[in-house]
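A.B. asks:
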Amino acid sequence: MTRTEYRWLQPSATADPELPGDRGRSRRTARDWAVDITAFLCAAAVGMLAADAIDADQSTPDGVVFVDSLIGAAACCALWVRRRWPVGLAVALTLVGIVEPVAAGALLVALFSLAVHRPLKPVAIVGAGALAVAPLQPWLRPDPGTSFIASTVIGVLLVLLVLSWGMVVRSGRQLVLTLRERARRAEAEAELRAEQAQRLAREAIAREMHDVLAHRLTLLSVHAGALEFRPDAPPAEVARAAGVIRDSAHEALQDLREIIGVLRAPGEGEESDRPQPTLLSLDALIAESCLAGMKVTLDNRVAEPAAAPAALGRTVYRIAQECLTNARKHAPGTEITLTLTGGPGDGLTIEAHNPAPVEPFERVPGSGQGLIGLTERATLAGGHLGHGPQPDGGFGVRAWLPWAA
1349 MTRTEYRWLQ
1359 PSATADPELP
1369 GDRGRSRRTA
1379 RDWAVDITAF
1389 LCAAAVGMLA
1399 ADAIDADQST
1409 PDGVVFVDSL
1419 IGAAACCALW
1429 VRRRWPVGLA
1439 VALTLVGIVE
1449 PVAAGALLVA
1459 LFSLAVHRPL
1469 KPVAIVGAGA
1479 LAVAPLQPWL
1489 RPDPGTSFIA
1499 STVIGVLLVL
1509 LVLSWGMVVR
1519 SGRQLVLTLR
1529 ERARRAEAEA
1539 ELRAEQAQRL
1549 AREAIAREMH
1559 DVLAHRLTLL
1569 SVHAGALEFR
1579 PDAPPAEVAR
1589 AAGVIRDSAH
1599 EALQDLREII
1609 GVLRAPGEGE
1619 ESDRPQPTLL
1629 SLDALIAESC
1639 LAGMKVTLDN
1649 RVAEPAAAPA
1659 ALGRTVYRIA
1669 QECLTNARKH
1679 APGTEITLTL
1689 TGGPGDGLTI
1699 EAHNPAPVEP
1709 FERVPGSGQG
1719 LIGLTERATL
1729 AGGHLGHGPQ
1739 PDGGFGVRAW
1749 LPWAA
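Note that our numbering numbers the sequence shown so that position 126 is 1474, with each residue one more than the last.
1) Please look up how many angstroms separate the CB atoms of Leu1459 and Ala1440, rounded, as I've assumed it's under 8 angstroms.
2) Is Asp1380 helix, strand or coil by DSSP?
3) Could you check how far apart the C-beta atoms of Ala1668 and Ala1700 are, in whole angstroms? I think they sit under 8 angstroms.
4) Quick one: residues in its chain with C-beta nearer than 6 angstroms to the C-beta of Ser1461, no 5 flanking neighbours on either side, listed in chain order?
5) In this structure, does DSSP put Trp1748 in helix, strand or coil?
6) Identify, in the order they occur along the chain, each residue of the same chain with its Cβ nearer than 6 angstroms to the Cβ of Gly1661, setting aside the five sequence neighbours on each side.
7) Can you tell me whether Arg1662 is helix, strand or coil according to DSSP?
8) Considering Cα atoms alone, identify which of Leu1397, Glu1652, Met1642, Ala1382 is closest to Thr1673.
9) What are the boundary residues of the beta strand (DSSP E) that Gly1695 is part of?
10) Excluding five sequence neighbours on each side, which residues of the same chain lie with their C-beta closer than 6 angstroms to the C-beta of Ile1419?
11) Indicate the three-state DSSP secondary structure (helix, strand or coil) for Glu1539 in the structure shown.
12) If we ignore side chains and look at the alpha-carbon of each, how far apart do Gly1744 and Arg1594 end up?
13) Assign Pro1737 to one of three DSSP states: helix, strand, or coil.
14) Confirm, please, whether the CB-CB distance from Val1457 to Cys1390 is below 8 angstroms.
15) Given a cut-off of 8 angstroms, decide if Ala1482 and Val1780 are closer than it, judged by their beta-carbon atoms.
16) Within its chain, find whatever has a CB closer than 8 angstroms to the CB of Ala1451; leave out the 5 residues flanking it on each side and keep chain order.
17) Gly1693 and Ala1654 - do their beta-carbons sit closer together than 8 angstroms?
18) Is it right to say Pro1614 is buried, meaning 16 or more other beta carbons lie within 10 angstroms of its own, or is it exposed?
19) With a threshold of 6 angstroms on Cβ separation, who are the neighbours of Ala1392 within its own chain once the five nearest residues in sequence on each side are excluded?
20) If you count every other CB in all the chains shown that lies within 10 Å of the CB of Lys1677, and 16 or more means buried, which is it?
21) Take Ala1704 as the anchor and find which of Gly1736, Glu1724, Ser1499 has the nearest alpha-carbon.
22) Tell me the DSSP secondary structure of Gly1730 in three-state form.
23) Measure from the alpha carbon of Glu1683 to the alpha carbon of each residue in Cys1671, Gly1690, Gly1691, then state which is nearest.
24) For Phe1388 and Leu1455, what's the separation of their Cα atoms in angstroms?
25) Report the partner residues of Asn1648 according to the DSSP bridge assignment.
26) Decide if Gly1516 is buried, meaning its Cβ has at least 16 other Cβ atoms within 10 Å, or exposed.
27) What whole-angstrom Cβ distance do Pro1750 and Gly1691 have, given they're in contact under 8 angstroms?
28) Excluding sequence positions up to five away, which residues of its chain have a Cβ less than 6 angstroms from the Cβ of Ser1514?
29) Between the C-alpha atoms of Arg1518 and Arg1466, what's the straight-line distance to the nearest angstrom?
30) Ordered along the chain, which non-local residues of its own chain (more than five positions away) have a Cβ less than 7 angstroms from that of Ala1572?
31) Can you round the beta-carbon distance between Val1644 and Thr1689 to whole angstroms, since I take them to be within the 8 angstroms contact cut?
32) Using the C-alpha atoms, what's the distance from Leu1639 back to Val1586?
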C-alpha cells in the first residue's frame, strides 16, 4: 500500500503532509468532497426544519420567512470555505445565529470545522462566545413548541458536542502526522546507520587489505627493482629473487582471496583453512624479511607467547608487518629492531625502531594510511599506539595492547 494510491481516502490535511495542511490551499481529496457535500446537506436539512417551524407560526410575516430562507441558504453555501477561513466563518455564523434559527445547522458545522482545523486557543475563544450567545436566539426568536430553558440547554449541548467531536478528530489527525513523521525519521536514521555501517566495513576491509598486501607488494617491488638494476647478477641470486617474487605473489593472491571471502554471505564459499597469524608467526615473518635482504633483530621477551589470545597475536603480527613494510619502503638498508615485552595481566608492548637511511635510494610511493590503520586497530583492541621521528633521525613505533590474565 502506498500513500499515493489511497490518498483519496484521507483528508487533505494528512493525505500529503509535504503540502500546507490546515492553513494551505491543498486540493480537496475525494473524501473531502464527500464530507463537504454531506455537511452542506445536513446544514441545509436543519435549516429547512427550522424554516418549516417558522413558517408554521402564523404570527411570522411571509417576508421574514423569505429573508430567513435566503440567509439560511447563504449560511449553508458559506460552508464551502470552512477549511480556508474557519475562524472567520464560525464568528460570522455565531453572530448570524443569534437572530436566525435557520443558520443553526451551518453554525454547528462551522464550529466543528473550527475545532478540527485550529488549535485550542481560538477554539476556546470562539466556543465561549457561541455558548455565551446561546440563550439569545431562543429569547429573540422563541420556538412556540419548546420552552426557553429547553432551547437554551439543547443549544449549549449541541455546541459542546460539536466542539468536543472536532477536537477529537484533530487529535487523531495530529497523531497520524506525528507517527508518520516518526516513521520518516526512523527510516532516515536507519539509512544513516546503514551508510555508517557500510563505511565502517569499507574502512575495515581497506585497512586489512593495506596491512596484508603492502608487505607482500613491497617484497615484489624490492626484488623486481634489484633485477632491473642488476641485470648482470649471478644466476643463483637472480633465481633466488625470482623465487621470492613468485612466493610473495602467491601469498598476496591467497591473502587477497581471504579478504574477498569476508565479503561473501555465509554459505556462499568455503571457509579458509589457512591459519591466522599469531605471536608464534613472527619468526616466519622475520625470516621472510631477512630473505628479502632486510636486517631485522627480534627481541622477544614475552612470557608464554603460545598462550596469547588469537586476536592479540593477530594484532601484534599486523603491527610488526606494517613496521617492516614501512622500513623497507622508507629506510632500505637499515637495521630494524623489534622488541616485544609483557605477558598475561601486564599487557603486551611492541616497539619498532629503525635508524635514518645513509645511502640514497629510490623511494617507493606510500598511501600514508598504514600507521593510521595501525592506530585504529590498536584502539579497537583496547590499547594505544604512538609513532614518530626519533632523536637519532630514525623512526619509531610503540604500541601497548591489553592481555587479560
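Ideal Cβ placement from N, Cα and C applies to all residues, glycine included.
Remember, predicted model here, so these are calculated numbers, not experimental data.
C.D. replies: The structure says:
1) Counting from 1 along the sequence shown, the entry for residue 1459 is found at position 111. Counting from 1 along the sequence shown, the entry for residue 1440 is found at position 92. Actually they are not in contact, since the Cβ atoms of Leu1459 and Ala1440 sit about 12 angstroms apart, beyond 8 angstroms.
2) One-based indexing of the sequence shown puts residue 1380 at position 32. Reduced to three states, the DSSP call for Asp1380 is helix.
3) On the sequence shown, residue 1668 is found 320 positions in, with the first residue counted as 1. On the sequence shown, residue 1700 is found 352 positions in, with the first residue counted as 1. The distance from the Cβ of Ala1668 to that of Ala1700 is about 7 angstroms, consistent with a contact at the 8 angstroms cut-off.
4) Reading the sequence shown from its first residue, position 113 is the one you call residue 1461. A distance below 6 angstroms between beta-carbons, with the five flanking residues on each side excluded, links Ser1461 to the following residues of its chain, in chain order: Arg1430, Pro1434.
5) Counting from one through the sequence shown, the residue named residue 1748 turns up at place 400. Strand.
6) For the purposes of this step, residue 1661 is taken as the residue at position 313 of the sequence shown. Within its own chain, the residues whose Cβ lies closer than 6 angstroms to the Cβ of Gly1661, once the five positions on either side in sequence are excluded, are Thr1626, Leu1627, listed in chain order.
7) As a first step, residue 1662 must be located in the sequence shown, where it is residue number 314. The answer is helix: DSSP assigns Arg1662 an H, G or I state.
8) Within the sequence shown, the letter at position 325 stands for residue 1673. Taking only the C-alpha atoms, the option nearest Thr1673 is Met1642.
9) Stepping through the sequence shown from its first residue, residue 1695 is reached at position 347. Looking at the DSSP string, the run of the beta strand (DSSP E) that includes Gly1695 is 1695-1702.
10) The count along the sequence shown starts at 1 and reaches residue 1419 at position 71. Counting only Cβ-Cβ distances below 6 angstroms, and skipping sequence neighbours, we find Glu1448.
11) For the purposes of this step, residue 1539 is taken as the residue at position 191 of the sequence shown. Looking at Glu1539 - three-state DSSP - the assignment turns out to be helix.
12) Here residue 1744 is taken as the residue at index 396 of the sequence shown, counted from 1. Here residue 1594 is taken as the residue at index 246 of the sequence shown, counted from 1. Roughly 31 angstroms between the two C-alpha positions.
13) Residue mapping note: residue 1737 aligns to position 389 of the sequence shown, counting from 1. Three-state DSSP puts Pro1737 in a strand.
14) Position 42 of the sequence shown, counting from 1, holds the residue named residue 1390. Position 109 of the sequence shown, counting from 1, holds the residue named residue 1457. Result yes, Cβ atoms of Cys1390 and Val1457 sit closer than 8 angstroms.
15) Residue numbering for the chain in the displayed model covers 1349 to 1753; residue 1780 lies beyond these limits and cannot be assessed.
16) Taking the sequence shown and counting its residues from 1, one reaches residue 1451 at position 103. Non-local C-beta neighbours of Ala1451 in its own chain, meaning closer than 8 angstroms and more than five positions away in sequence, comprise Gly1395, Ile1419, Gly1420, Ala1423, Leu1441, Val1444, Gly1445, ordered along the chain.
17) On the sequence shown, position 306 is the one that residue 1654 refers to. On the sequence shown, position 345 is the one that residue 1693 refers to. Result no, Cβ atoms of Ala1654 and Gly1693 do not sit closer than 8 angstroms.
18) Locating residue 1614 in the sequence shown gives position 266, where the first residue counts as 1. At Pro1614, the pLDDT of 45 sits below 50, so the modelled position is not reliable; the number obtained from the coordinates is stated separately. By the neighbour-count rule (16 or more Cβ atoms within 10 Å), Pro1614 is not buried but exposed.
19) Your numbering for residue 1392 matches position 44 in the sequence shown. Answer for Ala1392: Cys1424, listed in chain order.
20) Numbered from its first residue, the sequence shown carries residue 1677 at position 329. Buried.
21) Counting from 1 along the sequence shown, the entry for residue 1704 is found at position 356. Measuring C-alpha to C-alpha distances from Ala1704 to each of Gly1736, Glu1724, Ser1499 identifies Gly1736 as the nearest.
22) Translated into positions along the sequence shown, residue 1730 becomes position 382. Correct three-state label for Gly1730: coil.
23) Here residue 1683 corresponds to residue number 335 of the sequence shown, with the count starting at 1. Distances from the CA of Glu1683 to each of Cys1671, Gly1690, Gly1691 were compared; the closest alpha carbon is that of Cys1671.
24) Walking along the sequence shown from the start, residue 1388 turns up at place 40. Walking along the sequence shown from the start, residue 1455 turns up at place 107. For Phe1388 and Leu1455, the distance between alpha carbons rounds to 11 angstroms.
25) Along the sequence shown, read from residue 1 onward, the residue named residue 1648 stands at position 300. Under DSSP, Asn1648 shares a beta bridge with Leu1688.
26) For the purposes of this step, residue 1516 is identified with residue 168 of the sequence shown, where counting begins at 1. Per the sequence shown, residue 1516 should be read as Val rather than Gly. When all chains shown are included, Val1516 counts as exposed.
27) Position 402 of the sequence shown, counted from the first residue, corresponds to residue 1750. Position 343 of the sequence shown, counted from the first residue, corresponds to residue 1691. Contact flag wrong, Cβ pair sits at about 12 angstroms.
28) Counted from its first residue, the sequence shown places residue 1514 at position 166. Reading the sequence as shown, one finds Gly at residue 1514 and not Ser. Around Gly1514: Phe1460, Ala1463, Val1464.
29) Indexing the sequence shown from 1 puts residue 1518 at position 170. Indexing the sequence shown from 1 puts residue 1466 at position 118. Their backbone Cα atoms lie some 8 angstroms apart in a straight line.
30) Taking the first residue of the sequence shown as position 1, residue 1572 is located at position 224. So the list reads Ile1593, once near-sequence residues are dropped.
31) For this step, residue 1644 is matched to residue 296 along the sequence shown. For this step, residue 1689 is matched to residue 341 along the sequence shown. Not quite, the Cβ-Cβ distance comes to about 17 angstroms (not below 8 angstroms), so this is no contact.
32) The sequence position of residue 1586 within the sequence shown is 238, counting from 1. The sequence position of residue 1639 within the sequence shown is 291, counting from 1. Inter-residue distance for Val1586 and Leu1639 is about 13 angstroms (C-alpha atoms, whole angstroms).
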